[in-house]
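A.B. asks: Structure in structure tokens, see below.
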Amino acid sequence: MNNLISHPAIKKVLLTETDIQAQVQRVANELTEKFQDNEQRPVFIAALKGGVIFATDLLRKMPLDVDFDFIDVKSYSGSASTGQVKVVHDVNMDLAGRDVVVIDDIIDSGRTMQWLSDYFALKGAKTVTTVALADKREARVVDFDVDYYGLIVPNEFVVGYGMDYNNYFRNLPVIAVIDFDKLNLIG
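For what it's worth, UniProt numbering labels the leading residue of the sequence shown as 1, then goes sequentially.
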């Protein structure tokens, strides 16, 4: 068992490892159905850092051959969105005429995923499909609907399975809500 689960700053567990893997498999099945007849491999792009754990588990559950790349964008400082998206590391592939699948851990405000969708369209993607493990609809500040998601989470700060608080709790094998009053116990 991961000792971080019992950390005092973990208020409650929303999804267990088993629950998460069931949702990942469901999303993998849906994406397989969508892209199985493509003549050209789709390009799956994980948003660093949070989307990597979900993306790798997702791809391992899919029987499709895909191209895989990463993009590193920053839009948060601590627990707050800055409202601006900055590219730290761009993709290394030509996306012109390709079906692009953008994978992230969570959709909060919607700004980052909307920005990524628009960005990849400007790079010439034929289609852009958005995927997230967690969808926090109550936190939206832009009109954005993710195409595929694993679960809807409450408007609380969640961590684990790639999601973090200042790089803490990213490797939790569950999805949990943190208790901000006990964050002083980190470190």
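The beta carbon of each residue, even a glycine, is placed where N, CA and C say it ideally should be.
Tell me the residue span of the beta strand (DSSP E) that contains residue 121.
C.D. replies: Element bounds for residue 121: not the beta strand (DSSP E) but the alpha helix (DSSP H), 111-122.
A.B. asks: Opposite residue 107 in the DSSP bridges: which residues?
C.D. replies: Paired residues: 135.
A.B. asks: Excluding the 5 residues preceding and the 5 following residue 153 in the sequence, name in chain order all residues of the same chain whose CB lies nearer than 8 angstroms to its CB.
C.D. replies: Excluding sequence neighbours, residue 153 sits near 14, 106, 134, 135, 136 and 175.
A.B. asks: Taking the alpha-carbon of residue 117 as reference, which of 62, 144, 9 and 93 has the nearest alpha-carbon?
C.D. replies: The option with the nearest alpha carbon to residue 117 is 144.
A.B. asks: Counting beta carbon pairs with one atom in the segment 161-175 and one in the segment 58-72, are three or more of them shorter than 8 angstroms?
C.D. replies: Counting Cβ pairs under 8 angstroms, fewer than three are found: no touch.
A.B. asks: Rounded to the nearest angstrom, what separates residue 16 and residue 147 at their Cα positions?
C.D. replies: One C-alpha to the other measures close to 23 angstroms.
A.B. asks: Pull up the distance between the alpha-carbon of residue 42 and that of residue 55, whole angstroms please.
C.D. replies: Near 14 angstroms, if we compare the C-alpha coordinates of residue 55 and residue 42.
A.B. asks: Here's the rule I'm using: 16 or more other beta-carbon atoms within 10 Å means buried, otherwise exposed. How should residue 20 be labelled?
C.D. replies: Flag for residue 20 reads buried.
A.B. asks: Which value, in whole angstroms, describes the spacing of the CA atoms of residue 97 and residue 131?
C.D. replies: Distance between the alpha carbons of residue 97 and residue 131 is about 20 angstroms.
A.B. asks: Taking the C-alpha atoms as reference points, what is the distance between residue 99 and residue 180?
C.D. replies: One C-alpha to the other measures close to 40 angstroms.
A.B. asks: Between the Cα of residue 18 and those of 95, 87, 32 and 57, spot the shortest distance and give me the residue it belongs to.
C.D. replies: With distances taken between Cα atoms, residue 18 lies closest to 57.
A.B. asks: Assuming the contact rule is C-beta atoms closer than 8 angstroms, residue 8 and residue 126 should be a hit. Round their C-beta distance to whole Å, please.
C.D. replies: Not really, about 49 angstroms apart at Cβ, beyond 8 angstroms.
A.B. asks: Straight-line CA distance for residue 168 to residue 23?
C.D. replies: One C-alpha to the other measures close to 23 angstroms.
A.B. asks: Quick check: the Cα distance between residue 45 and residue 123, rounded to an integer number of angstroms?
C.D. replies: If I take the Cα positions, the gap works out to 13 angstroms.
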